[in-house]
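In full-length UniProt numbering, the protein residues as written are 1 to 220.
Let me begin by presenting the structure, written as structure tokens, before commenting on it.
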């Protein structure tokens, strides 16, 4: 399913409705490819946010095929796009082969359009190998959920499938991604952690040569 975020508050709308509400101006095109996730974050929108059925990111029934997703990209009004983002209520790398095929396809369709992946950064743990080289040339920005400055707090927040080892795995993924993706950004959500923890995260990112972005929390 292709959706838009029409403003900074993150209101998701189907393509046609987005154009009706905001007929002018560029916006991000968001692609959701799966419900699956290897985390169960305490603050996740899939548990907290109530969404209208017409604009929900949740797939009821089968997840879309590659052919359906490519068709959605083929029919997208690219003149209104400022960025193509793979995200959703699931973790996109849980369908890694689909994600990679769509990223490559999008780059052929729109070579100049920036691409971004929003991820929890646990793909190397999921697949038991370094998958970051596969993003070279097809992904411009990777946004990784840092969430905390230490493994214990990270696990309390994310309840990640791989336990306390998830934190170091995520950081290693971020550092490795720098060799293949031009922009690597780590994120933490405000109103989840206080200013002291955010500052510790900032210092951690500086030590590793990574960029930190503080994301606004989306309430229901």
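C-beta atoms are modelled at their ideal positions from N, C-alpha and C, and glycine is treated no differently.
Q) Short check: CB of residue 115 to CB of residue 84, under 8 Å? A) For the purposes of this step, residue 115 is taken as residue 115 along the chain shown, with counting starting at 1. For the purposes of this step, residue 84 is taken as residue 84 along the chain shown, with counting starting at 1. In contact: residue 115 and residue 84 (Cβ atoms closer than 8 Å).
(Q) Can you check which of these residues, 200, 206, 36, 210, is closest to residue 126 by C-alpha distance? (A) Here residue 126 corresponds to residue number 126 of the chain shown, with the count starting at 1. Of the listed residues, the one whose Cα sits closest to residue 126 is 36.
Q: Give the DSSP-derived three-state secondary structure of residue 221 in the structure shown.
A: One cannot answer for residue 221 here, as it falls past the ends of the chain, which runs 1 to 220.
Q) Short check: CB of residue 122 to CB of residue 201, under 8 Å? A) Residue mapping note: residue 122 aligns to position 122 of the chain shown, counting from 1. Residue mapping note: residue 201 aligns to position 201 of the chain shown, counting from 1. Contact flag unset, no.
Q. Can you name the residues that DSSP bridges to residue 66?
A. Within the chain shown, the letter at position 66 stands for residue 66. Its beta-bridge partners do not exist; DSSP assigns none.
Q.
Please state the DSSP three-state secondary structure of residue 209.
A. Within the chain shown, the letter at position 209 stands for residue 209. Coil.
Q) In or out: residue 164 buried (at least 16 other Cβ within 10 Å) or exposed? A) Counting from one through the chain shown, the residue named residue 164 turns up at place 164. It is exposed - the Cβ of residue 164 has fewer than 16 other Cβ atoms within 10 Å.
Q) Helix, strand or coil for residue 145 per DSSP? A) What you label residue 145 is simply residue 145 of the chain shown in a count that begins at 1. Strand.
Q: Mind checking which residues open and close the alpha helix (DSSP H) that includes residue 106?
A: Walking along the chain shown from the start, residue 106 turns up at place 106. 96–109 is the extent of the alpha helix (DSSP H) around residue 106.
Q: Tell me whether residue 209 counts as near the ligand ATP, meaning its Cβ is closer than 7 Å to at least one heavy atom of that ligand.
A: Among the ligands in the structure shown, none appear at all, so the ligand ATP cannot be discussed.
**Q.** Pairwise C-alpha distance: residue 138 and residue 176
**A.** Taking the first residue of the chain shown as 1, we reach residue 176 at position 176. Taking the first residue of the chain shown as 1, we reach residue 138 at position 138. When rounded, the distance between both Cα atoms is 16 Å.
Q) Nearest-angstrom Cα distance between residue 71 and residue 88? A) As a first step, residue 71 must be located in the chain shown, where it is residue number 71. As a first step, residue 88 must be located in the chain shown, where it is residue number 88. So the alpha carbons of these two residues sit roughly 18 Å apart.
Q. So what does residue 188 bridge to, in DSSP terms?
A. Counting from one through the chain shown, the residue named residue 188 turns up at place 188. Per DSSP, 214.
Q) residue 124 lies in the beta strand (DSSP E); which residues open and close that run? A) In the chain shown, counting from the first residue as 1, residue 124 sits at position 124. Note, residue 124: premise wrong, no beta strand (DSSP E); alpha helix (DSSP H) at 123–127.
Q: Could you give the DSSP three-state label for residue 117: helix, strand or coil?
A: Residue numbering aside, residue 117 sits at position 117 when the chain shown is read from its first letter. Three-state DSSP puts residue 117 in a strand.
**Q.** Residues that DSSP places opposite residue 84 in a beta bridge
**A.** Here residue 84 refers to the residue found at position 84 when the chain shown is read from its first residue. According to DSSP, residue 84 bridges with 29, 115.
Q. Nearest to residue 178 by alpha carbon, out of 162, 210, 167, 153?
A. Here residue 178 corresponds to residue number 178 of the chain shown, with the count starting at 1. Ranking the options by Cα distance to residue 178, first place goes to 210.
(Q) Since residue 144 and residue 186 should fall inside the 8 Å C-beta cutoff, what is the C-beta to C-beta distance between them, to a whole number of angstroms? (A) Locating residue 144 in the chain shown gives position 144, where the first residue counts as 1. Locating residue 186 in the chain shown gives position 186, where the first residue counts as 1. Contact flag correct, Cβ pair sits at about 5 Å.
**Q.** Minimum C-alpha distance to residue 25 - residue among 82, 93, 167
**A.** Locating residue 25 in the chain shown gives position 25, counting from the first residue. Per the Cα distances, 82.
(Q) If the criterion is Cβ atoms closer than 8 Å, does the pair residue 73 and residue 33 meet it? (A) On the chain shown, residue 73 is found 73 positions in, with the first residue counted as 1. On the chain shown, residue 33 is found 33 positions in, with the first residue counted as 1. No, the Cβ-Cβ distance between residue 73 and residue 33 is not below 8 Å.
Q. Below 8 Å between beta carbons: does that hold for residue 119 and residue 92?
A. The count along the chain shown starts at 1 and reaches residue 119 at position 119. The count along the chain shown starts at 1 and reaches residue 92 at position 92. Closer than 8 Å, so yes.
**Q.** Assigned secondary structure, residue 197 (DSSP; H/G/I helix, E/B strand, else coil)
**A.** Numbered from its first residue, the chain shown carries residue 197 at position 197. DSSP places residue 197 in helix when its eight states are reduced to three.
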